[in-house]
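Below you'll find the structure, written out as structure tokens, and then a few comments.
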Amino acid sequence: MNGPEEINVALTEVYPPWRGHTMEPEASVSELVFHHPDCTYFGVGDSTG
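Each residue of the sequence shown is one higher than the last, beginning at 414 in our numbering.
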């Protein structure tokens, strides 16, 4: 996993603590990916209408 120095993204310190942390720059995106051996791909159909 890359560190914040390598990708130029950091978590901010927030008060009050229950609000959580935010990422800077604000346009940063993160995700948690979990794998399960029984998982499958699925679709929801045509989204155009």
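All residues carry an ideal CB built from backbone N, CA and C; glycine is no exception. Computed from a prediction, not measured in an experiment: that's the story for all the values here.
Legend entry - For P417, the first and last residue of its enclosing alpha helix (DSSP H): P417 to I420
Inset, instruction - Can you grab the Cα-Cα spacing for the pair E426 / T435, in whole Å? - result: 8 Å
Inset, instruction - Give a yes or no on whether the C-beta atoms belonging to V422 and E437 are separated by under 8 Å. - result: yes
Legend entry - When E439, S443 and R432 are compared against N415, the one with the closest alpha-carbon: S443
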